[in-house]
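See structure below.
Numbering (the working numbering), first residue to last: 111 to 466.
Next up, the structure:
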């Protein structure tokens with residue numbers, strides 16, 4: 111991993127805000143971590159030179175956060191959340207800050223179209239490789255973004271939707287899932303909303319009106335041990351990557367998050383108390399199910415792609431392509447291939463590169 115180049119990239123990016131042009135997510139920190147992780151550090155600064163001009167400046171503060179429940183999910187307070195987590199990480203070790211805030215943020219996994227948790231996952235992976243001031247800052251900015259955009263997924267077990275303030279008080283995240291289905295069966299049973307228009311907030315808002323949604327989001331079998339939760343999360347990422355090949359023609363960018371959001375959760379597990387692994391599975395499953403319901407077409411296809419023969423080739427293809435979503439998808443499926451040996455998932459990168 112190109113550690114020095116990653117820290118240089120973080121320094122450049124930490125002058126920018128987590129969003130731009132309204133509420134488009136800043137993909138820079140996630141992308142440079144993936145490039146650095148896989149030996150493509152030489153591309154980072156050139157990639158940033160092209161990407162940075164589109165970003166907004168780092169937002170300023172308004173008032174110090176004293177009641178975190180009241181500020182949760184308030185994007186107007188992104189600057190205040192940034193300052194809050196900067197202080198928290200100065201005062202306490204990062205695993206303690208993460209461990210305290212993970213169960214608070216987990217029910218709002220939809221934050222920023224799941225980019226909150228995805229950015230946290232990349233930051234945690236970088237910190238587990240070695241702690242530096244810039245990586246601590248990155249974790250703080252990632253957590254701040256998640257907190258400011260906190261949004262519950264309708265039907266997530268253990269979470270009452272409705273008024274944000276009420277949901278924000280729920281720290282007792284689901285301890286598991288009530289269903290019986292294996293991952294592949296549960297994913298195959300996800301219904302689709304009829305009106306697949308608008309942004310993710312619009313589409314999530316239509317899920318409660320979908321008759322089969324409550325049963326579908328609760329269908330996955332529970333994890334009875336932390337190791338089982340980790341195994342099921344791995345299977346979820348694997349199956350979501352294969353589903354990308356079938357359904358990405360419907361929405362090639364957003365469906366990437368059905369893969370990368372549970373990947374981020376999976377990567378964060380080693381830094382968390384194992385007691386949090388089962389609720390983490392529940393939230394990751396709900397996120398993938400919601401993205402599938404909101405963006406995947408009802409009819410899949412079999413794309414005619416020439417699969418990459420190795421994760422290195424897939425990552426090289428993604429780095430050459432340059433799109434942040436293609437790079438992050440390649441990063442995720444490289445992990446899947448490492449653990450499963452399933453070459454089919456590598457084809458998702460070529461498919462994404464063609465569609466995005």
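By construction, the Cβ of each residue, glycine as well, lies at the ideal position given by its N, Cα and C atoms.
If you're wondering where the values come from, they're calculated on a predicted model, not measured in any experiment.
In this structure, residue 372 lies near residue 398, with their beta-carbon atoms less than 8 Å apart. Comparing alpha-carbon positions, the option among 239, 355, 352 lying closest to residue 381 turns out to be 239.
Rounded to whole angstroms, the gap between the alpha carbons of residue 251 and residue 226 is 9 Å.
According to the DSSP assignment, residue 150 belongs to no alpha helix (DSSP H), since it is labelled neither H nor E.
By alpha-carbon distance to residue 351, the top candidate from 296, 335, 368, 343 is 368.
Between residue 355 and residue 458, the C-beta spacing is below 8 Å. DSSP lists 330 as the bridge partner or partners of residue 291. DSSP lists 134 as the bridge partner or partners of residue 130. Cβ neighbours of residue 127 within its own chain (closer than 6 Å, five residues either side excluded): 166, 168, 169.
Going by C-alpha positions, residue 420 is about 7 Å away from residue 456.
Only residues of its own chain outside the window of five on either side were considered, and among them 427, 428, 431, 433, 436 have a CB closer than 8 Å to the CB of residue 463, listed in chain order. For residue 225, the enclosing alpha helix (DSSP H) begins and ends at 225-239. Assignment of beta-bridge partners to residue 261 by DSSP yields 219.
Assignment of residue 312 by DSSP, reduced to helix, strand and coil, places it in the helix class.
In this structure, the straight-line span from the alpha carbon of residue 263 to that of residue 181 is close to 19 Å. For a cut-off of 8 Å, the C-beta gap from residue 342 to residue 329 is around 13 Å, too long to register as a contact.
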